[in-house]
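Structure, as C-alpha cells:
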Ligand SMILES: [Zn+2]
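In our numbering, the protein residues as written are 31 to 428.
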C-alpha cells in the first residue's frame with residue numbers, strides 16, 4: 031500500500047488542506063475544546079493525526095516490547111515514542127537511515143516522536159562528561175565511547191526520520207539546589223537555541239523545546255521565556271517524574287503549562303500512572319509517554335479501572351472471570367484470570383503479550399474518555415467517576 035504522505039506533490043493540492051487551512055504536508059495543532067484547564071484537539075502531521083490528549087507508548091529499541099505494530103495501533107495509539115540513546119548505540123542511526131528510516135525499519139507508518147538522548151545518557155550511560163559542548167559517555171551495552179551534542183542529537187533524530195524531534199537538554203536529578211537547577215536550565219536553554227539552529231527548516235517535521243527549572247517557579251518562568259523567544263512547534267515540560275513525587279509534580283503543573291503558548295501542544299515527558307495522567311491533563315497537558323503500561327505488563331501488573339491487579343497472586347489461580355469484564359481487549363475478551371495467572375507463573379511469552387495489550391488498551395481508553403469528556407464539558411464529572419471507580423479496588427475473590 032502506498033502511504034498517503036507519498037501522494038503529496040503529484041495529487042490535487044486543493045484537497046490537501048486540513049480543517050484549519052494548513053496544508054497536510056505541514057505540522058499543525060488545532061485546539062478544539064477546553065474544559066477548565068483541560069484541552070482537547072488534534073495535531074496534524076504528514077503521517078497522520080494525533081488526537082489530544084494523547085498517550086504515546088514507548089518503543090525504546092524500535093519495538094513496543096511484546097506487541098506487533100498493528101496491535102499497538104488497535105489499542106488506539108496515534109503515535110509512538112522512540113529513544114535516541116538506545117537507537118544510536120544499537121543498531122545505530124546511520125544504519126537505520128540506510129535501511130529506510132525508523133518507520134520502515136519497525137513497520138510503523140504513523141507519527142513517531144523521538145527524545146533527544148539527553149535524559150537517558152544521564153540515567154544509563156557510564157563515565158559521562160558534561161561540558162558546554164555536550165556530553166561524552168561510554169555505552170552501557172559495549173563500553174564504546176560516544177558524544178552527544180545538540181547538533182548530533184538533531185542529526186540522529188533526522189536520520190531516524192522522527193516526526194517530532196526533541197531539543198537536546200540536560201536535567202538534574204531532584205532534589206537539587208536552586209543554583210544547580212538554574213545552571214542546568216540555562217545550559218539547556220543555550221542547547222535549545224543550538225538545537226533550533228541545527229534542526230533548520232524541515233516542513234512536515236516538528237521541533238519541541240523543553241522547559242526546565244525543577245520545582246522552582248521563577249526558573250520555570252525564565253525557561254519558558256527563553257523557549258518562547260526561540261519559537262518551537264510544541265513545548266515539553268521536562269525535568270519532572272524524576273523522583274519528586276506526585277504532589278510536587280502537580281505543584282509544578284499548577285503553573286508550568288500556563289507559561290507556555292496556548293496554541294501549541296504541551297508534552298509532559300515520562301508520565302505516568304493513570305492518576306498522574308488524569309491530573310496532568312486537568313492541568314493543561316496534551317501529550318504524555320511512559321514505559322509503565324508495557325513494563326508492568328511484563329511483570330504481571332495489570333492496570334484496570336478498579337486499580338492495579340497483580341496477576342501473580344494465588345487468588346487468581348481458579349478464577350474464571352476476565353481481568354476486567356467491561357474491557358474489550360483480547361486479554362479480557364478471550365481469557366480468564368486463571369489463564370493469565372497460569373501463563374505468567376509459567377513464564378510464557380503470551381503472558382507479556384496479553385498483559386501489555388490490556389494495559390495499553392486501558393491507557394488509551396482513559397485518553398479517549400478524557401477527550402470525549404473535555405469536548406462535552408463534563409471533565410470534572412468524568413474525573414470524579416474515574417477516582418470513585420478506582421477507590422473501590424479490585425473485585426472480591428470468588
Ligand atoms: Zn483488557
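Every residue, glycine too, gets a C-beta built ideally from N, C-alpha and C.
In this text, all values refer to a predicted model and were calculated from it rather than measured experimentally.
- Taken in chain order, the unbroken stretches of beta strand (DSSP E) that lie wholly in the region 284 to 313 and span 3 residues or more are 296 to 298.
- Between the region 132 to 140 and the region 83 to 97 there are three or more C-beta pairs closer than 8 angstroms, enough to call the two in contact.
- In the DSSP assignment, residue 62 falls within the beta strand (DSSP E) that extends over 58 to 65.
- In the structure shown, the three-state DSSP call for residue 82 is strand.
- Sorted by chain position, residues whose beta-carbon lies closer than 6 angstroms to a non-hydrogen atom of ligand 1 are 353, 354, 357, 359, 361, 362, 388, 391.
- Here residue 317 is near residue 297, since their CB atoms are less than 8 angstroms apart.
- Note on geometry: alpha-carbon atoms of residue 142 and residue 299 lie some 14 angstroms from one another.
- With distances taken between CA atoms, residue 267 lies nearest to 253 out of 217, 363, 253, 114.
- Excluding residues up to 5 positions away in sequence, 112, 117, 123, 126, 131, 132, 144 lie with their Cβ nearer than 7 angstroms to the Cβ of residue 190 in the same chain.
- An exposed status is given to residue 422, since fewer than 16 other beta-carbon atoms sit within 10 Å of its beta-carbon.
- The criterion of a C-beta distance shorter than 8 angstroms is not satisfied by residue 237 and residue 218.
- In this structure, DSSP gives residue 391 a helical state, which the three-state scheme calls helix.
- The count of Cβ pairs closer than 8 angstroms, one atom from the region 98 to 105 and one from the region 388 to 395, reaches three, so the stretches are in contact.
- Bridge partners of residue 265 according to DSSP: 239, 296.
- With contacts defined as CB atoms closer than 8 angstroms, residue 61 and residue 288 fail to qualify as a contacting pair.
- Here residue 76 is near residue 55, since their CB atoms are less than 8 angstroms apart.
- The DSSP-derived three-state label of residue 359 is coil.
- Distance from residue 201 to residue 279 at the Cβ level is roughly 14 angstroms; contact not present, criterion being Cβ atoms closer than 8 angstroms.
- Setting aside the 5 residues that flank it on each side, residue 249 is surrounded in the same chain by 208, 211, 212, 215, 242, 243, each with a C-beta closer than 8 angstroms to its C-beta; the list follows chain order.
- In the DSSP annotation of this structure, the continuous segment of the alpha helix (DSSP H) that includes residue 114 starts and ends at 114 to 119.
- Closest in alpha carbon position to residue 160, among 180, 172, 196, is 180.
- About 7 angstroms separates the beta carbons of residue 315 and residue 283, which is inside the 8 angstroms limit, making them a contact pair.
- In this model, residue 155 and residue 188 are separated by some 22 angstroms (Cα to Cα).
- Residues of the same chain with a CB within less than 8 angstroms of the CB of residue 348, apart from the 5 flanking positions on each side, are 368, 428 in chain order.
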